[in-house]
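Please read the structure below before turning to the comments.
In our numbering, the protein residues as written are 532 to 761.
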């Protein structure tokens with residue numbers, strides 16, 4: 532029996548990976564079903580989602596206001612800025628005032644932008660009680676949500692805090708990456724998120740659609756010898 536015949540013997544299932552292409556060949560009822568070749572999703576700096584993808588949605592995430600929140604809650608807004616952030620990361624802390632400023636200028640009940648900050652870290656200083664205290668101290672007017680399951684961050688492929696995803700009116704990803712080009716806020720030359728919003732407002736293509744996120748690694752839980760760690 533040749534190698535090819537061996538690979539295609541009844542009951543064998545195998546995956547061939549080549550340059551992010553996946554070919555699945557499986558035997559079914561003595562015949563063969565060939566599923567078409569597909570490219571795995573992912574952008575230049577994101578392994579999961581791409582520019583133009585429909586944004587992953589969520590519902591019933593608890594906010595620091597004590598309410599349950601869904602993406603559908605802001606259906607009336609022209610744009611949505613999803614920010615994966617936390618309390619403990621110095622980079623995230625440095626950006627808080629800029630998030631507050633953007634909310635003041637473009638958000639609020641009358642604004643066309645909804646800012647939704649989401650924390651998925653499970654360490655003590657990022658837990659829900661600490662989030663509520665942080666939001667109170669910093670006077671957050673935007674939604675600050677907690678996802679203990681971490682599922683929504685994984686769905687977006689979020690790797691850093693902070694990491695931004697700007698959604699357009701069709702809730703497709705129009706920009707993702709860093710908020711701007713200087714985490715310290717000292718010499719900002721490109722305000723990526725605001726520039727993307729301006730392009731969308733003018734019906735123009737977003738010039739810079741993706742940048743590498745800069746910040747602390749999202750603290751995803753992992754199993755180690757039967758124990759979950761963060």
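Glycine included, every Cβ here is placed at the ideal spot set by N, Cα and C. Quantities reported herein were computed from a predicted structural model and do not represent experimental measurements.
Q. Count the other CB atoms within 10 Å of the CB of residue 649; is the residue buried (16 or more) or exposed (fewer)?
A. Walking along the chain shown from the start, residue 649 turns up at place 118. Buried is the call here.
Q) When we look at the beta-carbon of residue 636 and count the other beta-carbons within 10 Å, is it buried (16 or more) or exposed? A) Translated into the one-based positions of the chain shown, residue 636 becomes position 105. So residue 636 ends up on the exposed side.
Q: Taking all protein chains shown into account, decide if residue 561 is buried (16 or more other Cβ within 10 angstroms of its Cβ) or exposed.
A: The residue labelled residue 561 in the question sits at position 30 within the chain shown. Note that residue 561 scores 34 on pLDDT, short of 50, meaning its location in the model is unreliable; the coordinates nonetheless yield the value given after this. By the 10 Å Cβ count, residue 561 comes out exposed.
Q) If we count the other Cβ atoms within 10 Å of its Cβ and call it buried at 16 or more, is residue 538 buried or exposed? A) Translated into the one-based positions of the chain shown, residue 538 becomes position 7. Any answer about residue 538 is weak, because its pLDDT of 35 lies below 50 and its placement is not dependable; what the coordinates show is given next. Its Cβ having fewer than 16 others within 10 Å, residue 538 is exposed.
**Q.** Contacting residues, own chain, Cβ-Cβ under 6 Å from residue 679 (five flanking each side not counted)
**A.** The residue given as residue 679 occupies position 148 in the chain shown. No residues qualify anywhere along the chain.
Q: Given a cut-off of 8 Å, decide if residue 624 and residue 676 are closer than it, judged by their beta-carbon atoms.
A: Taking the chain shown and counting its residues from 1, one reaches residue 676 at position 145. Taking the chain shown and counting its residues from 1, one reaches residue 624 at position 93. Not a contact, by the Cβ cut-off of 8 Å.
(Q) Report the CB separation of residue 737 from residue 705 in whole angstroms; it is logged as a contact under 8 Å. (A) Here residue 737 refers to the residue found at position 206 when the chain shown is read from its first residue. Here residue 705 refers to the residue found at position 174 when the chain shown is read from its first residue. The beta-carbon separation of residue 737 and residue 705, rounded to 5 Å, stays under the 8 Å limit for a contact.
Q) Three or more beta-carbon pairs under 8 Å between the segment 662 to 675 and the segment 625 to 632, yes or no? A) Yes, since at least three Cβ pairs between the segment 662 to 675 and the segment 625 to 632 fall closer than 8 Å, the two stretches touch.
Q. Are the beta-carbon atoms of residue 693 and residue 576 separated by less than 8 Å?
A. For the purposes of this step, residue 693 is identified with residue 162 of the chain shown, where counting begins at 1. For the purposes of this step, residue 576 is identified with residue 45 of the chain shown, where counting begins at 1. Their beta carbons are not under 8 Å apart, which means residue 693 does not touch residue 576 by this criterion.
Q: List the whole-angstrom C-beta distance separating residue 608 from residue 643, where the pair is believed to meet the contact cut-off of C-beta under 8 Å.
A: Taking the chain shown and counting its residues from 1, the one referred to as residue 608 is at position 77. Taking the chain shown and counting its residues from 1, the one referred to as residue 643 is at position 112. With 8 Å as the limit, residue 608 and residue 643 qualify as a contact, their Cβ atoms being about 6 Å apart.
**Q.** residue 710 versus 718, 725, 703, residue with shortest Cα-Cα distance
**A.** Numbered from 1 along the chain shown, position 179 holds the residue referred to as residue 710. Ranking the options by Cα distance to residue 710, first place goes to 725.
Q | Close beta carbons around residue 665, own chain, < 7 Å, minus the five adjacent residues each side | A | By 1-based counting over the chain shown, the position of residue 665 is 134. Answer for residue 665: 618, listed in chain order.
Q) So residue 613 and residue 691 are in contact, right, with Cβ under 8 Å, and what is the actual spacing, rounded? A) Within the chain shown, the letter at position 82 stands for residue 613. Within the chain shown, the letter at position 160 stands for residue 691. About 13 Å; that fails the 8 Å criterion.
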